[in-house]
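Reminder that position 148 of the sequence shown reads as 135 in our numbering, one-by-one numbering, no gaps. Have a look at the structure below, then the notes.
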Amino acid sequence: MTAAAPPTTPARGREITVTGIDGAGKSTLATRLHQSLNDAGHTAILIGKHSTEVPMDEELSAYVDRLNALVYRRDARVAQSCGDHYWLLALAAWYTLQDKLVIQPALAAGTHVILDNAHHKILARYAVNPDVPTRLAEQVFAHLTEPDLVIFLRIGAHEALTRKGSFTSLETGHSGSADEDFVRYQDTVLAQLREQQQRGGWLSVDVTDMDRDAVFKTAAAALADRLQLTI
Ligand SMILES: Cc1cn([C@H]2C[C@H](O)[C@@H](COP(=O)(O)OP(=O)(O)O)O2)c(=O)[nH]c1=O
């Protein structure tokens, strides 16, 4: 009688995240990477700020959905009234559950994770906020899984605004409703993201004069070079 083969542990999945200011093209690239990985025969999931499903767990999915509603589905007056410290901690709660309940189990099962918008932009926003210590913001995100690749899409705020066309109050740091308020705030956030970039091995791409295909090709080349993932 032959012994049953021991169960094999799948190779750990890779976590790839896209960062950049509002309008840089993060969601566009994340969606395309997700689709291409699956088309190429890999198993990948796309996670963003509207993903609330915890696989095969209705109860936890419902709980994560309630947290998502608290963090993302609230009106501007509620947002303003609760204040910056509250939103930092609420966002930390959101990223913590996303990491623990969805990202870590997926990676352990060999599934690649495309994370549209990790916490880096939140950190950048808080680093330019004089009312909240930057160290506190760094600490509340310090336990999250370190991505295998961070793709930083660099574009000036003015160009990002031309692409987007419109913006929300949050996207001006609640500093006003004029185009200049968006540009001033987002350029400060961009400078902060550049500082974070110095610390880690981010793939930094100046997307100002690149179309979607060119950005995708650059990202795909990095996945092949750095993570041996061919798409
Ligand atoms: C990538 C890209 C996006 N866009 C548009 C599509 C969207 O309306 C807007 C923002 O793109 P989006 O991918 O949503 O950016 P982010 O997730 O970083 O905020 O810009 C362009 O006009 N050209 C481009 O090359």
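Think of the CB as a built atom: it goes at the ideal place given N, C-alpha and C, for glycine as much as any other residue. These figures come from a predicted structure and were not determined experimentally.
Reduced DSSP secondary structure (H/G/I, E/B, other) of residue i
i: residue 40; result: coil
i: residue 31; result: strand
i: residue 216; result: coil
i: residue 71; result: helix
i: residue 131; result: coil
i: residue 100; result: strand
i: residue 203; result: helix
i: residue -5; result: coil
i: residue 4; result: strand
i: residue 65; result: helix
i: residue 109; result: helix
i: residue 14; result: helix
i: residue 48; result: helix
Burial state of residue i, where buried means 16 or more other Cβ atoms lie within 10 Å
i: residue 13; result: buried
i: residue 2; result: buried
i: residue 4; result: buried
i: residue 179; result: buried
i: residue 112; result: buried
i: residue 20; result: buried
i: residue 65; result: exposed
Through-space distance from residue j to residue i, alpha-carbon basis
i: residue 96; j: residue 30; result: 10 Å
i: residue 204; j: residue 68; result: 43 Å
i: residue 201; j: residue 194; result: 9 Å
i: residue 166; j: residue 143; result: 13 Å
i: residue 152; j: residue 104; result: 20 Å
i: residue 147; j: residue 11; result: 6 Å
i: residue 8; j: residue 177; result: 6 Å
i: residue 209; j: residue 98; result: 18 Å
i: residue 110; j: residue -5; result: 38 Å
i: residue 114; j: residue 136; result: 22 Å
i: residue 164; j: residue 212; result: 42 Å
i: residue 32; j: residue 15; result: 15 Å
i: residue 170; j: residue 162; result: 11 Å
(message) With three or more C-beta pairs closer than 8 Å as the rule, is the region 34 to 49 touching the region 71 to 88?
(response) yes
(message) Does the region 127 to 136 come into contact with the region 47 to 62, if we say contact requires no fewer than three beta-carbon pairs (one atom in each stretch) closer than 8 Å?
(response) no
(message) Residues around ligand 1, please: the condition is that the C-beta lies closer than 6 Å to some non-hydrogen atom of it.
(response) 7, 9, 10, 11, 12, 13, 14, 15, 150, 151, 198, 199
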